[in-house]
Structures are given as structure tokens and as C-alpha cells.
Amino acid sequence: MFGILGAVLVFHFLIITQQIPYDKVWAGRLHSVEEMKRFEAFSILLNLFMLIIFIIKYKQLQRNIQHKVINILIWVFAAFFALNTIGNLFSKSMAELILGTLFTFTSVILCFFVVRKDK
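Put into C-alpha cells, the structure is as follows:
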């Protein structure tokens with residue numbers, strides 16, 4: 004998950020700095036730079052939050068402790084990634100359709116394994 008979230012953050016920074024055209028992402032539904040900046044800022048913050056939660060989970064596993072709140076959040080992430088996978092299937096961009104679907108579906112599976120991990 005660390006690798007995927009890191010790659011996703013780099014991807015979103017490339018979009019917000021307009022190294023990747025915003026009309027090629029978000030299923031081709033963004034209509035202005037301002038709209039792109041709002042979507043990307045939210046996405047970057049959300050991905051940073053997820054990264055922090057996974058870091059906390061990693062530290063819990065090292066200490067052999069469990070907190071239900073962290074596990075619940077990871078289940079919420081899994082549901083979010085599952086919905087995002089479905090959304091990516093309707094993308095107008097072939098790259099987003101293939102890569103986005105692959106990343107989000109892989110994230111669903113990894114979230115499942117992370118939350119079920121005991122040690």
C-alpha cells in the first residue's frame with residue numbers, strides 16, 4: 004500500500020502542476036483548472052490521510068497490538084477503492100480505465116490483507 008499510495012501522490016502532484024493534462028484524468032469530467040485544483044487538493048489530502056493510517060497500522064503490527072478504529076478506517080478505504088474501481092471502468096481515458104482500475108482493484112485486495120493481518 005505504501006508503494007501504491009506513494010505513486011498515486013506523485014501522480015496527483017503531476018496533475019496539479021499540469022505536467023499531466025487534467026482533461027485526461029477524473030474520467031475526463033473536469034472542465035477548468037480551478038475545478039482540477041479543488042479535486043486534486045482533496046485527493047492529495049485524502050491520500051496523505053490514508054498513508055498516515057497505514058503507517059499507524061504498520062506500527063501497530065510491529066508492536067503486536069490492534070485498534071478497531073484503524074481497522075474500520077482501512078475497511079472504509081477498501082470500500083472507497085472498490086467504488087473507485089467501478090468508477091474507473093466508466094472512464095473516457097483508456098489509460099485511466101486500465102491503470103486506474105488495476106491500481107484501485109489491487110488496493111482493495113491489499114486493504115483486505117492488511118486489515119486481516121495479525122502480526
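Taking the numbering used here, I'd label the letters of the sequence shown as residues 4 to 122.
By construction, the Cβ of each residue, glycine as well, lies at the ideal position given by its N, Cα and C atoms.
Computed from a prediction, not measured in an experiment: that's the story for all the values here.
| request: Sort Ser-94, Asp-26 and Gly-90 by Cα distance to Lys-40 and report the nearest one. | output: Taking the first residue of the sequence shown as 1, we reach residue 40 at position 37. Distances from the alpha-carbon of Lys-40 to those of Ser-94, Asp-26 and Gly-90 put Asp-26 closest.
| What's the C-alpha gap between Pro-24 and Asn-50? | Position 21 of the sequence shown holds residue 24. Position 47 of the sequence shown holds residue 50. In a straight line, the C-alpha of Pro-24 is about 20 Å away from that of Asn-50.
| field | Three or more C-beta pairs below 8 Å linking the segment 89 to 96 and the segment 62 to 74 | value | Counting C-beta pairs closer than 8 Å gives fewer than three between the segment 89 to 96 and the segment 62 to 74, which falls short of the contact rule.
| Does the beta-carbon distance from Val-11 to Ile-18 come in below 8 Å? | In the sequence shown, counting from the first residue as 1, residue 11 sits at position 8. In the sequence shown, counting from the first residue as 1, residue 18 sits at position 15. In this structure, Ile-18 does not lie closer than 8 Å to Val-11 by Cβ.
| field | Alpha carbon of Thr-20 to alpha carbon of Phe-108, nearest angstrom | value | Counting from one through the sequence shown, the residue named residue 20 turns up at place 17. Counting from one through the sequence shown, the residue named residue 108 turns up at place 105. In a straight line, the C-alpha of Thr-20 is about 27 Å away from that of Phe-108.
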